[in-house]
Amino acid sequence: MSATATPPRPGQGRPGSAPESGDVQATSGKPVVWKTPVLLTALGLVAFIFFGLMGPGQTAKFGISTGGDFFQLPALEVPAMSGGIVLSILMLGLAAYAVYLKTKARPAPPWLTIAFTVLFVAAFLIWVVGGARTPSISLAGLIAGSVTLAVPLVFGSLSGVLCERAGVVNIAIEGQLLGGAFTAAMVASLTQNPFVGLLAAAVAGAVVSMVLAAFSIKYLVNQIIVGVVLNVLVSGVTGFLFSTVMQADKEKFNSPPGLDIIEIPVLSSIPIIGPILFKQSLVGYLMYVAVVVVWVGLFKTKWGLRVRAVGEHPQAADTMGINVNATRFWNVTLGGAIAGIGGSFFTLVAIDSFTKEISGGRGFIAIAALIFGRWNPIGAFFAALLFGFADNLQSIVTIIGTPVPSQFMAMLPYLVTVLAVAGLVGRSRPPAASGIPYVKG
Amino acid sequence: MPEERHPKHADQHAKPPEPSPAAEETAAVVAVDTAGGAISPSAVPATAQSGKLPGGPDTLVRKIFTGSGMVSVLAVLLALFIGGLLIASTDKQVGTTSSYLFARPADFLSAVWNAATRSYIALFQGAVFNPRGSGLAVQFAPLMETLTIATPLITAGLGVALAFRAGLFNIGAQGQIIMAGILAAWVGFALHLPLGLHLVLVLLAGIIGGALWGGMVGLLKARTGAHEVILTIMFNYIALYFLRYLLNTPAFQRPGETNPISPILDPTAVYPQIFGSQYRLHLGFVLAIAATVLVWWLLNRSTVGFEFRAVGANPKAALTAGINVSRSTILVMAIAGALAGMSGVAQVAGTEKVLTDGVAATYGFDAITVALLGRSTPWGTFAAGLLFGAFRAGAVQMQIQTGTPIDIVLVVQSLIVLFIAAPPLVRAVFGLNPRRKKPARAGKSQQAATTGGAA
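Protein chains in written order, with the numbering used here: chain Z, 1 to 441; chain H, 1 to 455.
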């Protein structure tokens, strides 16, 4: 309808450019490519050789129950080498199935990649623990720790999902986390109330996001540039205020009261699941709520349909009467608020004060989780868990003493992401209009 | 549902939005830049590269006051002003005078002025000229320090700028500097070669290290379509952890040292100091000038550079014109990596003379702002590198003299880039937005000119 009012993007000065916006998507619908089966086979072989044949001779022991649980499960004991062989043969089986599917010109289904990832992680874990000086870890502790470390990542990647689904690339997640962490510490210290701090963190994240939105939507500045620069800006402002204001009077400005761990009786003593789901801080519970709400919102509501339309084909959305730029602006703002809450985790839950660069690059891992999770809130959640797991494993590995240098464990999320964007996740495709500003013709 | 939306639409028809001149101008810029929304915008708007603004007559006065050069200057001023406000807001004197603000506003204003200018004067004295020094040599020592710090900024900035011109976001200068530093440092301390040859090999090793790390991103992008922003961010971290790992191995760790630090590079492997041993300024700065000339020649006079710019302006058109876009992507990332690699060499063989895990400091990230401030032109990047080098060098003195934290430089730097990226905002702040005289038709013909200018 408004197509008559707005002829197809006039004034571009490039004849024939208008229809092109349609075929950009067409290129992503390529026929099934070899890279996924090949990559899976290669990883399966690596697992077979290193985790299986060259696997350590010890038996890896995984404690499942902790003392407080209301029923005890025996510890899981796996002979490392045979465990590695069995798991890697399963992986090779999956890889072979992917190759078979490829010969029938069908893509590997998502469950295949997920199952492969789970098997690979399990084999890796057995290999690491089996090769350690003390080949025994608490699985419950490992998983609970991973969830804790994943909390800011989940919030960050949800922010990314909301922004990118609406067509705005959010590289500023790091800045939103950092801004949230700083504001939470500052406000909670001043008011002596962690809940006000939490709220302030959301506002701070939203403010950072609004700058991103204003510059990318109103002034049409390249979104990646704004994001990169905003990270520097927030780092500079928080660093400056930390050195001047917070350092001058730590008691007053940088001693926020923390958010307590809320333990739900009975449920929290279920082995493994209990501590993950029912023994979290308020921010931790909010994380689960946020994942579900964002997922339902994006995929099951009219609002979500509109947001996704704006991110995929803004011109069509505009024609349908959706205000593209307003949708983008408020989505980006909402995303920032969510990332801000994630940032408050650093200063209100994890550590009880703010330090410079407290977010330590987790905003970038959140972007990685977002891509690994294919721009889907649930996917991003599990990807963030995986990265939190790698982060946690890194510290555990140094304690139990394994042959793997901890630096390589720290490198893992980034390597996985490179593999992911290079093909392991199959056709991981961002929303079509992500990063392209929309100008009504 | 249609019934529900109907009134909204009628409303839209009733009062068609009157585009403001600024909005119209930005719309035209974006249209040029994204080929009408068909492709992602290139890293640096085509219009910014050619320095022409679509729309409006190009009278001399208008050129001076609204041209990109003026916007850059105003952006710097605006950023310094906001930075000054931030400094003043945390100043004690300002705090006391603000308590009786309404009684004596002049006190407050002079306190604000004093706080900001004191810091900036200290910054200037630390960056360019220190009048309290004894003798000219000491007085100009800050300038030499500025040039020293500018050296890695310039070369890494050139790498980022070159990639920008080819439409690629090279966020990975940090990782490229690290990889170059690793290789160059190893050649520098593990091999013992004669004078001259040793330094050449160190330089080559660094360049190759950076080129490989950058070229790998180009290869992955060209082969798999993975986005270079994600790849380069990830590669930065991989390089950093790899470096940390190496510094804990016997091959790289200094014997008898528990800290992660390498042996000192051989005297034959380090850059000679240009103006004697009293200044840290080394040969790397001369090489940075040479690199700037080289990149200028590459971009403006060579076929390869033409292809880079064509791919950057519109990859589809470039492909249609018979340019090998994959090859261009790989090559430009490799060259960008090589340039960042020169920064790595400047660090290990010039300024630091050892390899630590802080070898890249934040040069790789600063390089992005340098390239943006320089509008991705070689000499613009060179000038921006000098400016940010001055900020960095001066900030150290500023912190010592006035207690203003170094972080203020980050704030000013990032604000400068933000403002430069949004010329309409800067012009609006200074009331310089072009009056709405010529309708869209004039804009159209200008656009054709700018696209032509960019390609």
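All residues carry an ideal CB built from backbone N, CA and C; glycine is no exception.
Close Cβ partners of residue i (< 6 Å) along its chain, the five nearest in sequence each way excluded
i	result
P437(Z)	L220
T404(H)	I87, S119, M398
P315(H)	V325
I154(H)	A288, F382, G385
I406(H)	A395, Q399
F346(Z)	A181, I358
P275(Z)	A144
F215(Z)	V221, V226
DSSP state of residue i mapped onto helix, strand, coil
i	result
P431(Z)	coil
I261(Z)	strand
P437(Z)	coil
G350(H)	helix
G131(Z)	coil
Q58(Z)	coil
L53(H)	In this prediction, L53(H) has a pLDDT of 43, which is less than 50 and means its spatial position is unreliable; what the coordinates show is noted afterwards. In the structure shown, L53(H) sits in coil (DSSP, three-state: anything other than H, G, I, E or B).
E77(Z)	strand
T404(H)	coil
Q139(H)	helix
T90(H)	coil
I85(Z)	helix
T362(H)	coil
S262(H)	coil
I217(Z)	helix
Buried or exposed by the 16-neighbour rule on C-beta atoms within 10 Å, applied to residue i
i	result
G135(H)	exposed
L355(H)	buried
E145(H)	buried
I396(Z)	buried
Q176(H)	buried
A366(Z)	buried
S65(Z)	buried
S82(Z)	exposed
G363(Z)	buried
L168(H)	buried
H192(H)	exposed
A184(Z)	buried
D318(Z)	buried
R106(Z)	exposed
P266(Z)	Pro is not the amino acid found at residue 266(Z); the sequence shown has Val there. Classification of V266(Z): exposed, given that the 10 Å Cβ count is below 16.
V293(H)	exposed
E307(H)	buried
P194(Z)	buried
I114(Z)	exposed
Q174(H)	buried
Beta-carbon proximity check, residue i vs residue j, cutoff 7 Å
i	j	result
L92(Z)	G44(Z)	yes
V234(Z)	V203(Z)	no
A166(H)	G312(H)	yes
F189(H)	P263(H)	yes
V232(Z)	L212(Z)	no
F155(Z)	G342(Z)	yes
G55(Z)	A75(Z)	no
S189(Z)	N254(Z)	yes
L385(Z)	A140(Z)	no
I330(H)	A310(H)	no
A367(H)	G157(H)	yes
Neighbourhood of residue i by C-beta distance below 8 Å, restricted to the same chain and skipping five residues each side
i	result
L212(H)	M179, A334, G337
L85(H)	V112, A116
V128(H)	P142, L143, T146, A390, G394
T27(Z)	In this prediction, T27(Z) scores a pLDDT of 39, lower than 50, which makes its location untrustworthy; the coordinate-derived value is nonetheless stated afterwards. Nothing listed; no residue qualifies.
Q192(Z)	P257
For residue j and residue i, believed in contact at Cβ under 8 Å, the rounded distance
i	j	result
A201(Z)	G180(Z)	4 Å
S359(Z)	L177(Z)	4 Å
N170(H)	G181(H)	Not confirmed; about 17 Å, so no contact.
R308(Z)	L298(Z)	7 Å
V94(H)	F108(H)	7 Å
Cβ shell of residue i (< 7 Å), same chain only, five flanking positions each side left out
i	result
F116(Z)	L40, M91, L94
S159(Z)	N170, I173, Q176, G335, G336, I338, A339
Interfacial residues, the stretch 399 to 411 of chain H to chain A, with Cβ spacing under 7 Å: Although the question refers to chain A, the structure presented lacks it and instead comprises the protein chains Z and H.
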